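Novice: Just so you know, the sequence shown maps onto residues 1 to 89 in UniProt numbering. No residue lacks a Cβ here, since even glycine has one placed at the ideal position from N, Cα and C. Nothing here was measured: the structure is a model prediction, and the numbers come from that model.
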Amino acid sequence: MSSKSWLGFVTGVAIGATAALLLAPHKGKDTRRRIKTKAKDLGVNIDKVESKVDVGIDKVSELAHAAMDSLGNYTTRKAQKKDEDEKEA
């Protein structure tokens, strides 16, 4: 699931939970307690999403560096072959 999807999911859960709590027939004290609990849960979920995004960014960075190294090696080999071909000619 992409980071945007996770963020949308977490936001939707937060909005839905808040709406359900505010519309539920509970005492104000109970509602405030539930909102506080849900807010803490949301904070934990946001931390998890942030952690997953960081891991994804690290993986993309590693892949980009590997691709750049590979391209550099390919370009070097190509230039060496061209030099060898010119020397032979």
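Pick out whichever of Tyr74, Leu7, Ala66, Asp83 has its Cα sitting closest to the Cα of Ile46.
Specialist: As a first step, residue 46 must be located in the sequence shown, where it is residue number 46. For the residues Tyr74, Leu7, Ala66, Asp83, the minimum Cα distance to Ile46 belongs to Leu7.
Novice: Which of helix, strand or coil does DSSP assign to Ala79?
Specialist: The residue you call residue 79 lines up with position 79 of the sequence shown. Here Ala79 sits in helix by DSSP.
Novice: Would you mind giving the Cβ-Cβ distance between Lys35 and Leu21, rounded to the nearest angstrom? I have them listed as a contact below 8 Å.
Specialist: Taking the sequence shown and counting its residues from 1, the one referred to as residue 35 is at position 35. Taking the sequence shown and counting its residues from 1, the one referred to as residue 21 is at position 21. With the sequence shown as reference, residue 35 is identified as Ile, and Lys is not the correct amino acid for it. So it is a contact: roughly 6 Å between Cβ atoms.
Novice: My output table needs one value for Ala17: the three-state DSSP class, helix, strand or coil.
Specialist: The residue labelled residue 17 in the question sits at position 17 within the sequence shown. The answer is helix: DSSP assigns Ala17 an H, G or I state.
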